[in-house]
Amino acid sequence: MIRRRIFQILLCLSLTISSVVYAQEEQSGDESVRYSIQIDMNRAYVGGICIIKSDESLLTASVVNEFGVSIVTFRYDLMKDKVKIVNSIKQLRGSYVKKVLKHDFKIILNNYLTQKDTVSLPIKYENQKNKITYNLIPL
């Protein structure tokens, strides 16, 4: 009974947060695209929603889990061709992890730019060295 109630509360919370995120996207006027994202690693996986907003020379990508908690936020400067991690959860703050994420998301965001006109196509990237697979499916 308690588990069912906790599940209902979490479901309501996640729906509320996703509606707030959607409302913020509508108000901002920026061009944004939402993807369902799954990151598979050796021993774990992370799933959620990836929101990519594009400005003139800047792409901002944010990965949010099923409960609306921001996992990581990136900024990709098109002029400098650099990715900067703006915010991340504690577990992703190691220097090697940051380096891998920056490299991988630079490739993923470049793939997004090349497929920008055909947003309905999924984006898949596999980092074979670190055995990490990124799957982004348009919502």
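For the sequence shown, our numbering begins at -10 and goes up steadily by one. For every residue, glycine included, the Cβ atom is placed at its ideal position computed from N, Cα and C.
Which same chain residues end up closer than 6 Å to residue i when comparing Cβ atoms and leaving out the 5 residues on each side of it in sequence?
i           : result
residue 91  : 72
residue 89  : 119
residue 129 : Shown here, the chain extends from -10 to 128; a query on residue 129 therefore has no answer.
Can you list, in chain order, the residues of its chain with a C-beta nearer than 8 Å to that of residue i? Leave out the 5 residues immediately preceding and following it.
i          : result
residue 79 : none
Counting along the chain, where does the beta strand (DSSP E) carrying residue i start and finish?
i           : result
residue 38  : 34 to 43
residue 125 : 121 to 127
residue 63  : 59 to 66
Buried or exposed: residue i, going by 16 or more other Cβ atoms within 10 Å of its Cβ?
i           : result
residue 37  : buried
residue 47  : exposed
residue 84  : exposed
residue 128 : exposed
Measure the CB-CB distance between residue i and residue j and report whether it falls below 7 Å.
i           : j          : result
residue 104 : residue 98 : no
residue 56  : residue 74 : no
residue 93  : residue 76 : no
Taking residue i as part of the alpha helix (DSSP H), name the residues at either end of that continuous run.
i          : result
residue 78 : No alpha helix (DSSP H) holds residue 78; DSSP gives it neither H nor E.
residue 87 : 84 to 103
From residue i to residue j, what distance separates their C-alpha atoms?
i           : j           : result
residue 118 : residue 34  : 17 Å
residue 121 : residue 28  : 7 Å
residue 15  : residue 42  : Low confidence applies here, because residue 15 scores a pLDDT of 46, under 50, leaving its location unreliable and the question unanswered by this model.
residue 96  : residue 32  : 23 Å
residue 40  : residue 102 : 14 Å
residue 81  : residue 123 : 16 Å
residue 125 : residue 87  : 20 Å
Closer than 7 Å by C-beta to residue i: which residues in its own chain qualify, once you throw out the five before and the five after it? Chain order, please.
i          : result
residue 52 : 26, 37, 39, 60, 61
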